[in-house]
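Undergrad:
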Amino acid sequence: MNTPLIAVTCDTREFDGALWHATQQQYVSAAANAAGVTPLLVPALGATLDLDRVLDAVHGVMATGSKSNVHPALYGGDASEANGPYDPARDATSLPLIRKALERGIPVLAICRGMQELNVALGGTLQTEIQERDGALDHRMPDAPTRDKRYAPRQTLTAAPGTCLAAIAGAAPIQVNSLHRQAIDRLAAGLRAEAFAEDGIIEAVSPDNAQAFALGVQWHPEYWATSDPTSAAIFAAFGDAVRRHASARPSRSPIAEFSTRLGA
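Take my numbering: the last position of the sequence shown gets the number 277, and nothing is skipped along the way.
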């Protein structure tokens, strides 16, 4: 069987006055090298895209992290310059893509911003600038000289028993590289919290009654996906689910697809 395809969400970025659709290398490398799947970037074109057609072509979805935050208008909050930047084009693409993937039983791995998108897509809310709360840990990226040090695991989590994460990571505490300024506030109906930071912030979620693998993590397993055992296990589980979905979906030859389009 050919390597299955996954859809990977993109941010919009401006370079030299031109708009680009992009994601970081670490996400697509982890998908290819640790999950064993072929990543396809989905441009952040919102309603212009036929998302059902996209999902017809892939066997998994990975919602990536980003420097931008989900726009507060999508969950009843107030936007502010301090809470930005925002990327409405990404919001308009990622949220419906996640909802449709879950409805169709397509495996989903949602990372950092992607986990926040998963919660908002299903009706939950977010809390912003969490480092300003009394008693909160500072979950933001540390000021360190190298990316390896900025992405180094520094928080301890334990997966709740009987959860998707526990099946992957086991019952022992794990160290994670959680780097974020906003987090889940009200958990969406249909989602369950799978792990918490020491200050009570939700760090992992999964949908109740999901038809296929679906996991959201607030940290960055993609960065150490080929060296850290827990990170590698998350991507291996996602890759296995994508391959199961690809095997179960009826395949069609390019000739049959072309004939269908011609109305034959």
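Ideal Cβ positions, reconstructed from N, Cα and C, are used throughout, including at glycine. From a predicted model like this one, the values you see are computed outputs, not experimental measurements.
So, under 8 Å CB-CB, G154 and R163 are touching, yes? Tell me the CB distance rounded to an integer number of Å.
TA: The displayed chain sequence assigns Met, not Gly, to residue 154. Going by Cβ atoms, the distance from M154 to R163 rounds to 5 Å, so yes, they are a contact pair.
Undergrad: Please report the Cβ distance between G229 and A123, rounded to the nearest whole angstrom; I am assuming they are in contact, meaning their Cβ atoms lie under 8 Å.
TA: Indeed they touch by this definition, with Cβ atoms about 4 Å apart.
Undergrad: Based on Cα-Cα distance, which residue from Y99, K113 and N132 lies nearest to G3?
TA: Here the chain covers residues 14 to 277 and nothing more, so residue 3 does not appear.
Undergrad: Report yes if the C-beta distance between V121 and F226 is below 9 Å; otherwise report no.
TA: In this structure, F226 lies closer than 9 Å to V121 by Cβ.
Undergrad: Give the straight-line distance between the Cα atoms of S107 and R194, rounded to the nearest whole angstrom.
TA: Going from the Cα of S107 to the Cα of R194 covers about 19 Å.
Undergrad: Cα separation between Q188 and T171?
TA: Roughly 9 Å separates the two Cα atoms.
Undergrad: Spatial neighbours of A245 within its chain, please: C-beta separation below 7 Å, excluding the five flanking residues on both sides.
TA: Counting only Cβ-Cβ distances below 7 Å, and skipping sequence neighbours, we find A47, A238 and T239.
Undergrad: Can you tell me which of the three DSSP states G119 falls into?
TA: Note that residue 119 corresponds to Ile in the displayed sequence, not to Gly. Three-state DSSP puts I119 in coil, outside helix and strand.
Undergrad: Per DSSP, which residues does I19 bridge with? Please list them.
TA: Paired residues: P52.
Undergrad: Do A4 and T176 have their C-beta atoms closer together than 9 Å?
TA: Beyond the ends of the chain as shown, which are 14 and 277, falls residue 4; an answer cannot be given.
Undergrad: Check whether the Cβ atoms of G118 and L200 lie closer than 9 Å to each other.
TA: Not a contact, by the Cβ cut-off of 9 Å.
Undergrad: Kindly identify the DSSP beta-bridge partner or partners of R205.
TA: Paired residues: S219.
Undergrad: Do you know how far the Cα of L68 is from the Cα of I268?
TA: A caution first: I268 carries a pLDDT of 43, below 50, which makes its placement in the model unreliable, though a value can still be read off. Computed Cα separation, rounded: 20 Å.
Undergrad: Could you tell me if L32 is buried or exposed, where buried requires 16 or more neighbouring beta carbons within 10 angstroms of its beta carbon?
TA: Flag for L32 reads exposed.
Undergrad: Does G38 pass the burial test, meaning 16 or more other C-beta atoms within 10 Å, or should it be called exposed?
TA: Note that residue 38 is Gln in the sequence shown here, rather than Gly. So Q38 counts as exposed.
Undergrad: Would you report the Cα separation of A277 and A182, rounded to the nearest angstrom?
TA: For A277, the pLDDT reaches just 44, beneath the cut-off of 50, and the residue's location in the model is therefore unreliable, although a value from the coordinates is still provided. Each residue's alpha carbon lies about 49 Å from the other.
Undergrad: Taking the straight line between their C-alpha atoms, what separation do you get for L110 and G148?
TA: Each residue's Cα considered, the two are about 35 Å apart.
Undergrad: With the cut-off set at 9 Å, would you say V83 and E130 are in Cβ contact?
TA: The answer is yes: Cβ separation under 9 Å.
Undergrad: Given that a residue counts as buried once 16 or more other Cβ atoms are within 10 Å of its Cβ, and exposed if not, what is A95?
TA: It counts as exposed.
Undergrad: Indicate whether E235 and L150 have their beta-carbon atoms separated by less than 9 Å.
TA: It is not a contact, given that the beta carbons lie outside the stated cut-off.
Undergrad: Using the three-state DSSP reduction, which class does N132 fall into: helix, strand or coil?
TA: Three-state result, N132: helix.
Undergrad: Could you tell me whether the Cβ atoms of A20 and L53 are closer together than 9 Å?
TA: Against a cut-off of 9 Å, the Cβ pair of L53 and A20 comes out as a contact.
Undergrad: Do you know how far the Cα of G127 is from the Cα of A165?
TA: So the alpha carbons of these two residues sit roughly 20 Å apart.
Undergrad: Check whether the Cβ atoms of T51 and L18 lie closer than 9 Å to each other.
TA: In this structure, L18 lies closer than 9 Å to T51 by Cβ.
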